[in-house]
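Colleague: Would you mind keeping the following structure in view while I ask a few things?
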Amino acid sequence: MIVSSEEPALTVREFVAHICWMNLAKLRSRNRFILQQTTRRSAAVVQFIEVV
381 MIVSSEEPAL
391 TVREFVAHIC
401 WMNLAKLRSR
411 NRFILQQTTR
421 RSAAVVQFIE
431 VV
């Protein structure tokens, strides 16, 4: 990830994301996933889904 030195990236426990779900199985709230960003992996839980 490339960020500005004036606005460094933050480490947070929760965030909002816009995703494009392309699996045949439906994305459901409270499902657990492995979230990967570059080489780092973390456990993740979907708290709620807002359909746009």
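Heads up, the sequence shown stops at 432 in the working numbering, and the numbers go up one at a time, no gaps. Note that the Cβ used here is the ideal one computed from N, Cα and C, for glycine as well. Quick caveat, the model's predicted, so the values are computed rather than measured.
Taking residue 414 as the reference, give the member of 423, 401, 385 and 389 with the closest Cα.
Modeller: 423
Colleague: I'd like to know whether the C-beta atoms of residue 383 and residue 389 end up nearer to each other than 9 Å.
Modeller: yes
Colleague: In chain order, which beta strand (DSSP E) runs of at least 3 residues are fully inside the stretch 407 to 431?
Modeller: 412 to 417 and 420 to 425
Colleague: Smallest Cα separation from residue 381: which of 417, 403, 410 and 430?
Modeller: 417
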